[in-house]
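Visitor: No gaps in the numbering here: position 624 of the sequence shown is 623 in numbering that gives the first Met the number 0, and each next residue is one more.
Cβ coordinates follow ideal geometry from the N, Cα and C atoms, glycine included.
All values derive from a computational prediction rather than experimental measurement.
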Amino acid sequence: MKEACNENKKEESFGFFLKECRMKNAITLEQLSQGLCSASGLARIEAGTRTAGKALQDRLLCRLGISPDIYEHFLFEESYRQWKKRQQLLCAVTRRSAEEADRLLQEYRKEYEYGAKTNVDRRLEQQFCLSMEAQILRNKTDYSGARKDGAEQERLGDLFRKALVLTVDLGLFRHTIMQNQQKENDQEAPRGIDVLLYSVQEMDLLLEWIHYDRPQDWKRCYEVILYLAEDSRFDAVSRAKVYPKAVYYLYSDTLEGAALGVDEELDAITLCENAVQCLREAGRMYYLWELLGLMEGFAGDVVAAQHKAGRAWQARELKDQIREWQEWVAALRAVYGEFSVPLETRNSGWLYEEKEVYCLNETIRIRRKMLGLSRKQLGKNGSLCSEKTLKRLEEDGKKVQNEIIRGLMKGMGLSVELCRTELVTGEPEVSALMSKLRDCIRNRNTRETDRLIGQLREQVSLNIPSNRQALMRMQALNEMHKGSITEGQCIGCLKEALACTLPYEEAMKPGAKYLTNEEMNCIQNMVVWKKGMDEEKKEQIALLEGLYEACEKDGLIFCFINMYEIVMGTVASEWGNIGEYGRSDKISQNIIKECLYQRRTFGIHTEIYNIMWNDEQRQKKGIPSQTHRNPEMDLKHCIVFSKLGMEKHEEEFYAEKLRVWTEC
């Protein structure tokens, strides 16, 4: 038993996971820590003898190619307030006036950049603030449509360069570029590139520096960034955050100087297609509009050249591809226009957005009360901590020792690690397997789902309750998709899975709630598979809605969009089912708008379909409607967005609906 507990503790350690990822990719302590902290300091973080702030944790994960978007983070109240202000600033940069963003930036700088307690925190805060300053400056002219003059270009380049060198050795990058100037052909891999290790934020700053400073070897610089972004260590979301932008900047800058030849345009189409495929695999749309525009322009030139050369069959094949791109462009223009969201990817604020962050002090207070535990009980009669210590933690927002936090979290069925993903493990490849598993569940690939669940059961510790819970839930859904269990049996399995960390009865009690993402998934799945509406289902829906009231009020839906689109999409569908069409529409509209701003494909088509379905029900029942949907166009848009996200099951569903509609 003691050996199992020690193994669990190791599995749940952020430092252990970090080290495993680093070792797997043959990355040295010096490489990973360069520009951030000392190699010995990083070694202590990995050993668990030194803690790292969230900014440093995120940057280390990003340098290893891991997107922090898939994690749930717990911060003490003081750090949580900083996170909240940072997200409000990012929201202003992306969506509000430049004046509002300027004001929030100055407030943030005064409190957090100038007041940073450690050298690494100071540099990371400076880098963030300089990047925001540059993006605010760029937005002032981008939104007005005015062209930047030379002085403004120089100012932008200066800001991005100052931000870049805070954590990146630009001299080393330039030296590596110079080493590659003598390459014999473009197919040869860059030499010495293995010494370069950057996060997506740092690669983005490199792209901006190249774009604005335009060094003499700028094309080679872009090519090296592309090569770096193709590294196998990057997960799909991380790669999608930088690779498409690198392709777009390379060719938009190239076209400023000269037109390309036909062979060059064919190469450009291939690279743009690779970038679009990268986006599709991640369910993202960063620079998608811009890339489609480049592809259509290049392809049009190539088609004309092929006709001129008498290769009509090749021209026809490319014309078919152009027509598909035009369908995508039309859907993007229509949906982005309907929701008044800019089509263009105007800034890189999404690189700094921090998802799924919770206040640790509040979480412990809420969870303790949910479980009906007194402070004395949770503190194990003083053997873990005193009632006074717990009171100071819950009511005064104070910090306590990590060992106390671990004990408190474990006593409430929560992961003891304050930076955790859906499966608690030290194995880096598990996240990739979970991503594949989610895709298989979504596309109803039951055989592959069974194989992946079996593989994951062998690779993660099932002594950890949250791991058992996640795999039990996935198994229940897959059995439903196979038709091997009834809806009632599925709901029973989901309640059993939930009970691994939280008894169903405790979850449903009135009062404030904190549920993990996996616990939310269990209840959301119960709602989906329960036919009809009864009091229990109404209570489940009310619980799910209540979980997001605070983030909706604070305008921070985008920080929880991964789960929000799933949970609230289900809620929207259920309100529509019982005739609350206006309420259903409002939720769907919120989801679509947030997904458009976040450049996400996953939540868009389901909510377009929900709004269309609600409108059809109004017409059938003679209920007046302020909107008059075009079902044919809505279904075509659903097909495009499901195709962009490579969601085959949904694409086929919408295609069949469109076929039936056109035949009526």
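I'd like to check one pair, Arg472 with Leu493: are the Cβ atoms closer than 8 angstroms?
Guide: To locate residue 493, count along the sequence shown from 1; it is residue 494. To locate residue 472, count along the sequence shown from 1; it is residue 473. Yes, they are a contact pair.
Visitor: If we count the other Cβ atoms within 10 Å of its Cβ and call it buried at 16 or more, is Glu2 buried or exposed?
Guide: For the purposes of this step, residue 2 is identified with residue 3 of the sequence shown, where counting begins at 1. Low confidence applies to Glu2: its pLDDT is 42, below 50, so where it sits in the model is not reliable, and the reading given next is rough at best. Exposed, by the Cβ-count rule.
Visitor: With a CB to CB cut of under 6 angstroms and the five nearest residues on each side skipped, what residues in its chain are close to Ile404?
Guide: Residue 404 sits at position 405 when you count from the first residue of the sequence shown. So no residue of the chain qualifies.
Visitor: Thinking C-beta only, is Asn360 closer than 8 angstroms to Glu326?
Guide: Reading the sequence shown from its first residue, position 327 is the one you call residue 326. Reading the sequence shown from its first residue, position 361 is the one you call residue 360. Result no, Cβ atoms of Glu326 and Asn360 do not sit closer than 8 angstroms.
Visitor: Determine, using beta carbons only, whether Arg367 and Leu377 come nearer to each other than 8 angstroms.
Guide: Along the sequence shown, read from residue 1 onward, the residue named residue 367 stands at position 368. Along the sequence shown, read from residue 1 onward, the residue named residue 377 stands at position 378. Yes, the Cβ-Cβ distance between Arg367 and Leu377 is below 8 angstroms.
Visitor: Give the DSSP-derived three-state secondary structure of Arg441 in the structure shown.
Guide: To locate residue 441, count along the sequence shown from 1; it is residue 442. DSSP places Arg441 in helix when its eight states are reduced to three.
Visitor: Compare the C-alpha of Met479 against each of Thr362, Arg441, Lys635 and name the closest.
Guide: Your numbering for residue 479 matches position 480 in the sequence shown. The shortest C-alpha separation from Met479 is found at Arg441.
Visitor: When you compare the CB positions of Glu280 and Ala235, do they come within less than 8 angstroms of one another, or not?
Guide: To locate residue 280, count along the sequence shown from 1; it is residue 281. To locate residue 235, count along the sequence shown from 1; it is residue 236. Yes, the Cβ-Cβ distance between Glu280 and Ala235 is below 8 angstroms.
Visitor: When the distance is taken between beta carbons, is Lys218 closer than 8 angstroms to Tyr286?
Guide: Here the question's residue 286 lines up with position 287 in the sequence shown. Here the question's residue 218 lines up with position 219 in the sequence shown. Not a contact, by the Cβ cut-off of 8 angstroms.
Visitor: Roughly how many angstroms lie between the CA atoms of Ala100 and Ser483, to the nearest whole one?
Guide: Numbered from 1 along the sequence shown, position 101 holds the residue referred to as residue 100. Numbered from 1 along the sequence shown, position 484 holds the residue referred to as residue 483. Between Ala100 and Ser483, the C-alpha separation is close to 54 angstroms.
Visitor: Does Val659 pass the burial test, meaning 16 or more other C-beta atoms within 10 Å, or should it be called exposed?
Guide: As a position in the sequence shown, residue 659 is number 660, starting the count at 1. Under this definition Val659 is an exposed residue.
Visitor: Please say whether Leu165 and Arg154 have beta carbons closer to each other than 8 angstroms?
Guide: In the sequence shown, counting from the first residue as 1, residue 154 sits at position 155. In the sequence shown, counting from the first residue as 1, residue 165 sits at position 166. Not a contact, by the Cβ cut-off of 8 angstroms.
Visitor: Report the CB separation of Tyr79 from Cys358 in whole angstroms; it is logged as a contact under 8 angstroms.
Guide: Along the sequence shown, read from residue 1 onward, the residue named residue 79 stands at position 80. Along the sequence shown, read from residue 1 onward, the residue named residue 358 stands at position 359. The Cβ separation is near 4 angstroms, so the contact holds.
Visitor: Can you look up Tyr357 in the DSSP assignment and give me helix, strand or coil?
Guide: Reading the sequence shown from its first residue, position 358 is the one you call residue 357. Under the three-state reduction of DSSP output, Tyr357 falls in the strand class.
Visitor: So the candidates are Tyr107, Asp230, Gln468, Gln126; which of them puts its Cα closest to the Cα of Leu205?
Guide: Counting from 1 along the sequence shown, the entry for residue 205 is found at position 206. It is Gln126 whose Cα lies nearest to the Cα of Leu205.
Visitor: Bridge partners of Leu74, per DSSP?
Guide: As a position in the sequence shown, residue 74 is number 75, starting the count at 1. For Leu74, the pairing in a beta bridge is given by DSSP as Cys358.
Visitor: According to DSSP, what are the bridge partners of Arg283?
Guide: Within the sequence shown, the letter at position 284 stands for residue 283. In the DSSP output, where bridge partners are listed per residue, Arg283 has Arg599.
Visitor: Do Val167 and Gly666 have their beta-carbon atoms positioned less than 8 angstroms apart in this structure?
Guide: The question about residue 666 has no answer here: the residues shown for the chain are numbered 0 through 663.
Visitor: Taking Thr253 as part of the alpha helix (DSSP H), name the residues at either end of that continuous run.
Guide: Taking the sequence shown and counting its residues from 1, the one referred to as residue 253 is at position 254. Bounds of the alpha helix (DSSP H) holding Thr253 are 235-256.
Visitor: Straight-line CA distance for Arg315 to Ala469?
Guide: Locating residue 315 in the sequence shown gives position 316, counting from the first residue. Locating residue 469 in the sequence shown gives position 470, counting from the first residue. Looking at the two C-alpha atoms, the distance is approximately 48 angstroms.
Visitor: How long is the line joining the alpha carbons of Arg670 and Arg617, rounded to whole angstroms?
Guide: Outside the modelled stretch of the chain, which goes from 0 to 663, sits residue 670, for which no answer is possible.
Visitor: Three or more C-beta pairs closer than 8 angstroms, one from the stretch 332-339 and one from the stretch 51-65: is that the case here?
Guide: no
Visitor: Nearest to Asp633 by alpha carbon, out of Ala330, Ala571, Arg102, Leu89?
Guide: The residue given as residue 633 occupies position 634 in the sequence shown. When only C-alpha atoms are compared, the closest one is Ala330.
Visitor: Closest by CA to Ser231, which one among Arg160, Phe640, Ile26?
Guide: Residue 231 sits at position 232 when you count from the first residue of the sequence shown. Checking every option, the nearest Cα to that of Ser231 belongs to Ile26.
Visitor: Taking Gln152 as the reference, which of Val241, Leu169, Gln134 has the closest Cα?
Guide: Within the sequence shown, the letter at position 153 stands for residue 152. Selected option, being the one with the closest Cα: Gln134.
Visitor: Out of curiosity, what's the CA-to-CA distance linking Met611 and Met369?
Guide: Your numbering for residue 611 matches position 612 in the sequence shown. Your numbering for residue 369 matches position 370 in the sequence shown. One C-alpha to the other measures close to 39 angstroms.
Visitor: Is it the case that the Cβ atoms of Asp68 and Lys435 are separated by a distance below 8 angstroms?
Guide: If you number the sequence shown from 1, residue 68 lands on position 69. If you number the sequence shown from 1, residue 435 lands on position 436. The Cβ atoms of Asp68 and Lys435 do not sit closer than 8 angstroms to each other.
Visitor: Exposed or buried, which one is Ser96 when buried takes at least 16 other CB atoms within 10 Å?
Guide: One-based indexing of the sequence shown puts residue 96 at position 97. When all chains shown are included, Ser96 counts as exposed.
Visitor: Can you tell me the Cα-Cα spacing of Gly545 and Glu323, whole angstroms?
Guide: As a first step, residue 545 is located in the sequence shown; it is residue number 546 there, counting from the start. As a first step, residue 323 is located in the sequence shown; it is residue number 324 there, counting from the start. Roughly 41 angstroms separates the two Cα atoms.
Visitor: Mapping the DSSP letters down to three states, classify Pro341 as helix, strand or coil.
Guide: Counting from 1 along the sequence shown, the entry for residue 341 is found at position 342. Residue state, collapsed to three classes: coil.
Visitor: Going by DSSP in three states, Pro67 sits in which element: helix, strand or coil?
Guide: Translated into the one-based positions of the sequence shown, residue 67 becomes position 68. If DSSP states are grouped into helix, strand and coil, Pro67 belongs with the helices.
Visitor: Give me, in chain order, the residues of the same chain whose beta-carbon lies closer than 7 angstroms to that of His648; leave out the 5 immediate sequence neighbours on both sides.
Guide: Counting from one through the sequence shown, the residue named residue 648 turns up at place 649. The beta carbon of His648 sits closer than 7 angstroms to the beta carbons of Arg441, Asn442, Arg443 from its chain, once the five residues preceding and following it are set aside; these are given in chain order.
Visitor: Closest to Met411 by CA distance: which of Pro214, Tyr513, Phe75 is it?
Guide: Taking the first residue of the sequence shown as 1, we reach residue 411 at position 412. Proximity to Met411 across Pro214, Tyr513, Phe75 peaks at Tyr513, based on C-alpha coordinates.
Visitor: Looking at the structure shown, is Lys397 part of a helix, part of a strand, or coil, going by DSSP?
Guide: As a position in the sequence shown, residue 397 is number 398, starting the count at 1. In this structure, Lys397 counts as coil in the three-state DSSP scheme.
Visitor: Whole angstroms are fine: how far does the CA of Ser583 sit from the CA of Ser572?
Guide: Residue numbering aside, residue 572 sits at position 573 when the sequence shown is read from its first letter. Residue numbering aside, residue 583 sits at position 584 when the sequence shown is read from its first letter. Straight-line Cα distance between these residues: approximately 7 angstroms.
Visitor: Identify which residue in Val246, Glu201, Gln474, Asn576 has its Cα closest to the Cα of Arg437.
Guide: For the purposes of this step, residue 437 is taken as residue 438 along the sequence shown, with counting starting at 1. Of Val246, Glu201, Gln474, Asn576, the residue nearest in Cα terms is Gln474.
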